[in-house]
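Engineer: Protein chains in written order, with the numbering used here: chain A, -6 to 261; chain B, -6 to 261.
Attaching a single structure in structure tokens format; questions to follow.
There are 2 protein chains.
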Amino acid sequence: MDGFVSIVREKAEGKGGYEGVVAYLREQLLSGELKTGDCLLPERELSARLGVSRQVLREALRALAMIGAVEIRHGVGTIVSRPDVSTLGEFFTFALAQQSEVIDDIMEARIAIEHHAIRLACRRAGQADFDRLAERLYDIVETIHDPEAGGHADFRFHEALVQAGGSPTLISLYSSIASLMMRSHLDRREQIIQVEGITEFLIDHHRKIFEAIVARDAGVADELLTRHFEIGADFRRRAGFRSAAANLRSSASETNIIQGEQNADRDR
Amino acid sequence: MDGFVSIVREKAEGKGGYEGVVAYLREQLLSGELKTGDCLLPERELSARLGVSRQVLREALRALAMIGAVEIRHGVGTIVSRPDVSTLGEFFTFALAQQSEVIDDIMEARIAIEHHAIRLACRRAGQADFDRLAERLYDIVETIHDPEAGGHADFRFHEALVQAGGSPTLISLYSSIASLMMRSHLDRREQIIQVEGITEFLIDHHRKIFEAIVARDAGVADELLTRHFEIGADFRRRAGFRSAAANLRSSASETNIIQGEQNADRDR
DNA sequence: ATCTAACCGTGGTATGACCACTGGTATCAT
DNA sequence: ATGATACCAGTGGTCATACCACGGTTAGAT
């Protein structure tokens, strides 16, 4: 490092460093020069071209990988990929981690999505969708006595329902909040399942929904779904207070998470 | 901290390196040990504690910063922050880069959200929500002849509608897709606005929606919204061909989108 | 008391080296 | 010829160290 400095200043056109790299890659992606499946240059070479260190480039790539814009594969390379839902799931996990009250609110999103999806499904669903729904319905019946598997089957049915709607966006959003729904509902299933006659109700109600979709009767399907959620909410509410219906062998109430006291309320 | 080694323990159990760091921080966030506003340890120290190099730690922090989980401030430190919607905007920017067909589909998400939100609004909305809606409605009237400002006012009204629903999740999702909706609708506004009598229709229809919410009549509100979207879609479709025609009330025609042909089976 | 400047801690970047994984190729045994 | 094995080159993954740039604090000068 003698007196002379200067030399390379090529990246001077705006921002340099991390920001610049992200901006550059975003540009490449939006302009279409980089499309899904393309393989980026090796880190060493790319970093050299952009005039940044490899570390900075890696930071940018990691960041992009976090939102799913690229996929970094050890020993292979970095390939452009389309952000998919799993990414959004990650986001929501972090986003909602700190606002516990939202966990309950996530149900509103689920209802909104499923309601519209079921209407779409009544118009668009094809045989493949019917088959999948039937399959998931069968799973519900099979696993009706197993809280964990049953809850999973239940979710899978509703997932198939949304899928039948044929809207990629709805499917994406639904998948995004799926992990969070699991978080608060899977456990309650254990309590709900104990209610007398609930098993028959669950099976019967899901079947009716399925049949309404097959019949392409949006009105009935929508109405059924409304009741489905209302009843579900009712059960969950009751399960929250005390041991739901009659005989819960163990008052495992255990004060669900909650603990949310530090409700900051930071609006902007 | 002299000759003793120890260390090794933490990362030995599961993943080490980048993945481990992200997992660790996620755990800290989800468990509540780190809450919004908290300041993380300096990079050098934190990296030492986690048994990774500073570079790896930085990659993890950059990734988390990309989704808004933390905010890195030069010369200050890294502070925990709650991901807000602007982050999702970034995500969708990348997401839509490669799949342009989703832009149309985004409308389905909007419909789903607004439909449920308006029902919630009819139950939950308070005076503040009414005031905001009224204000936005006024803006629509004011800017009715300006395509750009008018489109913006239109959006703001619907935004207030969702807000009135009082569901943070719905609001977040709606904001997330807002930028994408703008992208495809603002321009069409220029064509739509030319249709004879459209201005009166827009004003009148929005006002009716507003009144339905104030009246807390979910059924009417929902029905109005349905027609609102159908007519809007109809206009946009026609505007696609040519500059739409005159008679708007000429049977909003059922001809709903449908197009459901490629309802393929994308399972995973 | 106020302003200025130096200082220190923080993140930001650069370099070079080495490790670990993947995929293809060459080699070998059958 | 065929199959399995060993090898090798290229790629991402990690590490360590040094230095730069920014922000807030503090000691000094005015």
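The C-beta atom is built at its ideal place from N, Cα and C for all residues, glycine as well.
Taking Met100(A) as the reference, give the member of Met174(A), Tyr17(A), Gln21(A) with the closest Cα.
Structural biologist: That would be Met174(A), whose Cα lies nearest to the Cα of Met100(A).
Engineer: Select from Arg181(A), Gln120(A), Thr162(A) the residue whose C-alpha is nearest the C-alpha of Asp139(A).
Structural biologist: If we check each option's Cα against that of Asp139(A), Arg181(A) comes out closest.
Engineer: How would you label Leu57(A), buried or exposed, when you count the other beta carbons within 10 angstroms and need 16 or more for buried?
Structural biologist: Leu57(A) comes out buried.
Engineer: Between the region 120 to 133 of chain B and the region 161 to 174 of chain B, can you find at least three pairs of beta-carbon atoms closer than 8 Å?
Structural biologist: The answer is no - the region 120 to 133 of chain B does not touch the region 161 to 174 of chain B, with fewer than three Cβ pairs under 8 Å.
Engineer: Kindly provide the ranges of any alpha helix (DSSP H) runs that are 4 or more residues long and lie completely inside the region 175 to 228 of chain A, ordered along the chain.
Structural biologist: You should have 191 to 207.
Engineer: Give the single residue among Gln156(B), Val188(B), Val49(B), Glu152(B) whose Cα lies nearest to the Cα of Leu172(B).
Structural biologist: The amino acid occupying residue 172(B) in the given sequence is Ser; Leu does not appear at that position. Comparing Cα-Cα distances from Ser172(B) to each of Gln156(B), Val188(B), Val49(B), Glu152(B), the minimum goes to Glu152(B).
Engineer: DSSP three-state label for Val69(A), please.
Structural biologist: Looking at Val69(A) - three-state DSSP - the assignment turns out to be coil, as it is neither helix nor strand.
Engineer: Compare the beta carbon distance of Val155(B) and Ile106(B) with 8 Å and say whether it is the shorter of the two.
Structural biologist: Cβ distance < 8 Å, so Val155(B) and Ile106(B) count as in contact.
Engineer: Using the C-alpha atoms, what's the distance from His108(A) back to Leu266(A)?
Structural biologist: Because chain A here runs from -6 to 261, residue 266(A) falls outside it and cannot be looked at.
Engineer: Is Pro35(B) buried or exposed, if buried means 16 or more other CB atoms sit within 10 Å of its CB?
Structural biologist: Under this definition Pro35(B) is an exposed residue.
Engineer: Just the C-alpha distance for Asn240(B) and His221(B), rounded to the nearest angstrom, thanks.
Structural biologist: Confidence is the limiting factor: at Asn240(B) the pLDDT is only 41, short of 50, which leaves the residue's position unreliable and the question unanswerable from this model.
Engineer: Based on Cα-Cα distance, which residue from Ile185(A), Ala16(A), Ala226(A) lies nearest to Met59(B)?
Structural biologist: Per the Cα distances, Ala16(A).
Engineer: Once DSSP output is grouped into helix, strand and coil, what is the label at Glu141(A)?
Structural biologist: In the structure shown, Glu141(A) sits in a helix (DSSP, three-state: H, G or I).
Engineer: Any residues in the region 51 to 66 of chain A with a beta carbon nearer than 8 Å to a beta carbon of chain B? Which ones, in chain order?
Structural biologist: So the close ones are Arg51, Glu52, Ala53, Arg55, Ala56, Leu57, Ala58, Met59, Ile60, Gly61, Ala62.
Engineer: Considering only residues of the same chain and omitting the five flanking positions on each side of Ile137(A), which have a CB-CB separation below 6 Å?
Structural biologist: Only Gly143, Thr192 meet the Cβ criterion.
Engineer: By DSSP, does Val63(B) sit in helix, in strand, or in coil?
Structural biologist: Correct three-state label for Val63(B): strand.
Engineer: Sort out for me which residues DSSP pairs Cys32(B) with in a bridge.
Structural biologist: BP columns for Cys32(B) point to Ile72(B).
Engineer: With H, G and I counted as helix, E and B as strand and the rest as coil, what does DSSP make of Arg117(A)?
Structural biologist: In the structure shown, Arg117(A) sits in a helix (DSSP, three-state: H, G or I).
Engineer: Does the beta carbon of Asp98(B) sit closer than 8 Å to a beta carbon anywhere in chain A?
Structural biologist: Yes, because at least one Cβ of chain A sits closer than 8 Å to the Cβ of Asp98(B).
Engineer: Please work out which residues of its chain come closer than 6 Å, Cβ to Cβ, to Arg149(A), disregarding the five sequence neighbours upstream and downstream, and give them in chain order.
Structural biologist: Excluding residues within five positions, the ones whose Cβ falls inside 6 Å are Arg129.
Engineer: Report yes if the CB atom of Ala226(B) is closer than 8 Å to the CB atom of Val213(B), and no otherwise.
Structural biologist: Result no, Cβ atoms of Ala226(B) and Val213(B) do not sit closer than 8 Å.
Engineer: So Phe148(B) contacts chain A; which residues on that side make the cut at Cβ distance below 8 Å?
Structural biologist: Going along chain A, no residue has its Cβ under 8 Å from Phe148(B), so there is no contact; the nearest lies around 17 Å.
Engineer: Could you tell me whether the Cβ of Gln48(B) comes closer than 8 Å to any Cβ of chain A?
Structural biologist: Yes, its Cβ sits closer than 8 Å to a Cβ of chain A.
Engineer: Alpha carbons only, please: which of Tyr11(A), Cys32(A), Phe84(A) is nearest the one belonging to Gln48(A)?
Structural biologist: Measuring from the Cα of Gln48(A), the nearest candidate turns out to be Tyr11(A).
Engineer: Within 8 Å (strictly less), CB to CB, does Leu39(B) reach chain A?
Structural biologist: With 8 Å as the cut-off, Leu39(B) does not count as an interface residue toward chain A.
Engineer: Should the region 30 to 44 of chain B be called in touch with the region 27 to 44 of chain A, which here means at least 3 C-beta pairs below 8 Å?
Structural biologist: Because the criterion of three Cβ pairs below 8 Å is not met, the region 30 to 44 of chain B and the region 27 to 44 of chain A do not touch.
Engineer: Given a cut-off of 8 Å on the beta-carbon distance, is the pair Glu52(B) and Arg55(A) in contact?
Structural biologist: Cβ distance < 8 Å, so Glu52(B) and Arg55(A) count as in contact.
Engineer: Buried or exposed, going by whether 16 or more other CB atoms sit within 10 Å of the CB of His199(A)?
Structural biologist: With 16 or more Cβ atoms within 10 Å of its Cβ, His199(A) is classed as buried.
Engineer: Considering just the uninterrupted stretch of the alpha helix (DSSP H) at Glu20(A), what are its terminal residues?
Structural biologist: Segment 10 to 24, the alpha helix (DSSP H) holding Glu20(A).
Engineer: Between Phe194(B) and Arg117(A), what straight-line distance do the alpha-carbon atoms span, to the nearest angstrom?
Structural biologist: The straight-line gap from Cα to Cα measures roughly 30 Å.
Engineer: For Ala102(B) and Ile170(A), what's the separation of their Cα atoms in angstroms?
Structural biologist: Each residue's Cα considered, the two are about 14 Å apart.
Engineer: Of all the CB atoms in chain B, is at least one closer than 8 Å to the CB of Leu113(A)?
Structural biologist: Cβ-Cβ to chain B under 8 Å: yes for Leu113(A).
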